[in-house]
Ligand code: SF4
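Protein chains in written order, with this note's numbering: chain U, 3 to 226; chain G, 1270 to 1746.
Here you go:
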């Protein structure tokens, strides 16, 4: 405990400088108004996340399981990890997609770590919302859809509601009141895993997913 | 005090710099990397108004955090503790390493995976772990490459920036069993991915740094592109984060503002692939995530910078690396020549506090004071003012009011300080000044041709045949 006392003691003994009030974010926020119409917000999100090497597919609340099955088959996915206790997980299981084996994430990772790392081709999770400005998906992993689902499998499918697009991270945090209810882990994902560590040459699929595929679920059954 | 193992005495700085500037390959690697990073950053900030607004905000957030540092650290500790994270305080590198070793001993952990953490480099954690017979594997591709080569990072954001793909291909072929030479970057990354994937699955403890620690919510914020950081903080049973005491911010929303500066300033990307907010260990109903999360708060000289209102600004740093990416000295000598964990302008102003000015003072002279670093710094640290202050500290008379830091006065040379004392004597007395300048211009033929380092690449300094005052007088006639 003495290191703590010594460090805090030194900091408290230091001179007090000019007053530094709590920073005013108003000017910055005023320069970043929400995008007026949903279609433009969506278009910006889409352009940015596609520029980051993600795929985006339009779908509906009814059709996405079939789309997922088609995409999975086209990509040679045999095993697809899903969260059986999430709403969309249940919908997916009920749809009994052909040609792909659904693997539920239903026990602690210790019980099946090797299988998770070696035998799962792809995963599907939901997204809380998305960010237009940077082309990012917001995920709050939980007991229904644990953290490693968006990290270990080489292909990550994400189901996103098309109307849940914020202009930037700050707008998302405020609208969703993050500060009052932080989960144990919150993630903002902006494309497949990548690195430029070798001679500034961009390569995808460093340690996380090689492919990030967004299933954009539009309301009222329509296309955009 | 214990020095990190890879720390090279700053006394050899001149030799290392000379070797570096004469290494054509190294010069080429750094030049092209700097050009690449500068161009990418510029493309991110096309709107000057937005950039300046953000820099004002970034500076205000960091200054607010520092002005309230002890309170915010206590709040952070309280929130983290409530969230189930164990907080440790360490005054020295040795103390920080001891915390990690204790956790390893208690849990019988033998295999570590590490995400990129400059603070763990600062404390020499890998060496301490190896000495205890523990494997500590770097998992960031760049860090993995330099670890495999037995080197230290040469840049705080891009550790293997000094190597070409050919050099990395040769390294992999030589050091990894069954791997043939390739210079295809995708193939090299795939090799790294396969080797490290098993290591993540088998690791007992994951180590990471922290980009910002949020006092309001007790959240550790980490950014990265590769996913190795998330692996290290999610797969092993225990996650230990280590960071400097200055990395705290008051509010969660401050992270959003600062992170609209960090990646754009650092690598010229709009955003990192992964922004990871960690606010606690695995809960009873969760199926993955670490059972234990620890945070080590390291001082290691930071409180010395804090105690001085001018030098305190050093701690505003968000470690983006933009200052080194734009530094004409760094571009020419590279990161290793500095011999310190943090190279470039930020290295020159923070290292004197971490290592003592006696060990680090040559670095504060390794600047042209061109101001490029000040122009790009996203939190407006007055780097050149601080460099000048540290130069004065380095040359102050020990025990005088100007010598306030550990190791102040270590750069003082009798000849130099005598010359400057005489100079100030002459320049503060008018008659003496007139007399001296008269003698100097008349005796200009006696000026030495050899003037040390000055004449190595310049013509000798010789007083003018006529003083300015004489010229003015003539004109007036
Ligand atoms: S001193 Fe400024 S430019 Fe340099 S790393 Fe720190 S924040 Fe970035």
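Each residue gets a CB set at the ideal place from its N, CA and C atoms; glycine is no exception.
Residue 219(U) - DSSP class collapsed to helix/strand/coil: strand
Check the Cβ-Cβ distances between residue 1466(G) and every residue of chain U, and say whether any is below 8 Å. yes
8 Å is my cut-off, CB to CB: does residue 1667(G) come that close to chain U? no
Where does the unbroken beta strand (DSSP E) through residue 1481(G) begin, and where does it stop? 1481 to 1483
Do you know how far the Cα of residue 1705(G) is from the Cα of residue 1743(G)? 20 Å
Separation of residue 1423(G) from residue 1436(G), as counted between CA atoms: 15 Å
From residue 150(U) to residue 60(U), what distance separates their C-alpha atoms? 25 Å
Are the beta-carbon atoms of residue 208(U) and residue 195(U) separated by less than 8 Å? yes
Based on Cα-Cα distance, which residue from 1668(G), 1689(G), 1667(G) and 1663(G) lies nearest to residue 1680(G)? 1663(G)
Distance between residue 1281(G) and residue 1274(G) (C-alpha atoms, nearest Å): Interpretation of residue 1274(G) is limited by its pLDDT of 44, a score under 50 that renders its predicted location unreliable; the figure taken from the coordinates is listed afterwards. One C-alpha to the other measures close to 16 Å.
Could you list the residues in the segment 1578 to 1603 of chain G with a C-beta less than 8 Å from some C-beta on chain U, going in chain order? 1578 and 1581
Selection of the segment 1445 to 1470 of chain G by Cβ proximity to chain U, strictly under 7 Å: 1454, 1455, 1457, 1458, 1462, 1465, 1466 and 1470
Identity of the residue in 1541(G), 1601(G) and 1621(G) nearest residue 1610(G) by Cα: 1621(G)
Report yes if the C-beta distance between residue 1237(G) and residue 1617(G) is below 8 Å; otherwise report no. Nothing can be reported for residue 1237(G): it is not among the residues displayed for chain G, which extend from 1270 to 1746.
CB residue 170(U) to CB residue 140(U), shorter than 8 Å? no
Relative to the C-alpha of residue 97(U), which candidate in 116(U), 148(U), 67(U) and 110(U) has its C-alpha closest? 67(U)
Which class does residue 1270(G) belong to by DSSP, given the choice of helix, strand or coil? With a pLDDT of only 36 at residue 1270(G), under the threshold of 50, the placement of this residue in the model should not be trusted, and no figure is reported.
Check whether the segment 1499 to 1516 of chain G touches the segment 1368 to 1385 of chain G, taking contact to mean three or more Cβ pairs, one atom from each stretch, closer than 8 Å. yes
Could you tell me if residue 1450(G) is buried or exposed, where buried requires 16 or more neighbouring beta carbons within 10 angstroms of its beta carbon? exposed
Note down, in chain order, every chain G residue with its Cβ under 9 Å from the Cβ of residue 189(U). 1499, 1543, 1544, 1545 and 1546
Looking at the ligand SF4, does it come within less than 7 Å of residue 1590(G), judged from the CB to the closest heavy atom? yes
Taking the Cβ atom as the reference point for each residue, do residue 1425(G) and residue 1474(G) lie within a distance shorter than 8 Å? no
Check whether residue 1542(G) and residue 185(U) have beta carbons under 8 Å apart: no
Do the CB positions of residue 1567(G) and residue 1574(G) come within less than 8 Å of each other? no
Does residue 1569(G) have its Cβ less than 8 Å from a Cβ in chain U? no
Can you tell me where the beta strand (DSSP E) holding residue 103(U) begins and where it ends? 103 to 106
So, at 8 Å on beta carbons, what are the nonlocal neighbours of residue 1323(G) in its own chain, with the 5 sequence-adjacent residues on each side left out? 1526, 1529, 1530 and 1647
To the nearest angstrom, how far is it from the Cα of residue 1746(G) to the Cα of residue 1739(G)? 11 Å
Spatial distance of residue 1443(G) from residue 1460(G) (CA atoms): 13 Å
In three-state terms, what does DSSP make of residue 1380(G)? strand
Closer than 6 Å by C-beta to residue 1732(G): which residues in its own chain qualify, once you throw out the five before and the five after it? Chain order, please. 1709, 1710 and 1713
Spatial neighbours of residue 1694(G) within its chain, please: CB distance less than 8 Å, with the 5 preceding and 5 following residues excluded, ordered by chain position. 1701
Any idea if residue 1644(G) is buried or exposed, counting beta-carbon neighbours within 10 angstroms, 16 or more meaning buried? exposed
Contact check, residue 1570(G) vs residue 1623(G) under 8 Å by CB: the rounded distance? 5 Å
What is the residue span of the alpha helix (DSSP H) that residue 1396(G) lies within? 1394 to 1400
For a contact meaning CB atoms closer than 7 Å, what does residue 1575(G) contact in chain U? 13 and 16
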